[in-house]
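> Let me give you the structure first, and then I'll get to my questions.
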Amino acid sequence: MIKVSSMVSDVAIRDSVEVSLYGIVLIMDFEHATLRAIVRYFLSNKLKERLCIYSRKTAHECFKDMPANILPVEYGGSDGTIQELTEYWKKVVEENREWLIDDEKYKPILK
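Just add 295 to wherever you are in the sequence shown, counting from 1, and you've got my numbering.
Below you can see the structure in the form of structure tokens.
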């Protein structure tokens with residue numbers, strides 16, 4: 296899921312005229328809140344401030360971080376259903392397959 300999110304973000308940022316990434320909001324179906332605490336434990340303070348993680352049960356709280364119109368209907372937004380958005384972004388990623396493959400060549404290799 297992280298890889299797909301990264302590919303979608305890469306394409307969205309590439310295709311936007313002006314983009315400033317101030318943070319990341321994740322809505323994940325966490326069974327246990329401790330996983331969220333573990334993930335945040337390893338982040339720097341700056342990243343902790345910029346990463347918001349919500350569960351399905353707390354997704355409505357994300358309205359303080361972003362406008363409702365960009366969320367799927369299932370989370371109280373108006374930007375289509377999760378299924379519609381999944382199909383849209385799947386198509387976008389598939390249409391940009393070659394660019395995404397080529398882009399991987401230029402990513403840093405961490406040792």
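Every residue, glycine too, gets a C-beta built ideally from N, C-alpha and C.
Can you round the beta-carbon distance between Pro367 and Thr376 to whole angstroms, since I take them to be within the 8 Å contact cut?
So it is a contact: roughly 6 Å between Cβ atoms.
> Look at the Cβ atom of His355, then the Cβ atom of Gly372, and state whether they are nearer than 8 Å.
No; because the gap between Cβ atoms is not below 8 Å, this pair is not in contact.
> Rounding to the nearest angstrom, what Cα-Cα distance links Asp305 and Lys385 in this structure?
Whole-angstrom Cα-Cα distance: 13 Å.
> One question on the structure: do Leu380 and Met302 come within less than 8 Å of each other, judged by their Cβ atoms?
Cβ atoms of Leu380 and Met302: not closer than 8 Å.
> Between Ser339, Glu369, Ile365, Lys343, which has its C-alpha nearest Thr353's C-alpha?
Comparing Cα-Cα distances from Thr353 to each of Ser339, Glu369, Ile365, Lys343, the minimum goes to Glu369.
> Cα separation between Glu389 and Ser339?
The alpha-carbon atoms of Glu389 and Ser339 are separated by roughly 34 Å.
> Taking only three categories from DSSP, how would you classify Leu338?
Three-state DSSP puts Leu338 in coil, outside helix and strand.
> Return the chain-ordered list of same chain residues with a C-beta closer than 7 Å to the C-beta of Val364, the five sequence neighbours on each side being excluded.
The sequence given here has Asn at residue 364, not Val. Within the same chain, Asn364 has close Cβ partners Gly372, Ser373, Asp374.
> Give the straight-line distance between the Cα atoms of Val387 and Glu399, rounded to the nearest whole angstrom.
Going from the Cα of Val387 to the Cα of Glu399 covers about 17 Å.
> Have a look at Ile348 and Arg309 and give me their C-alpha separation to the nearest angstrom.
Near 24 Å, if we compare the C-alpha coordinates of Arg309 and Ile348.
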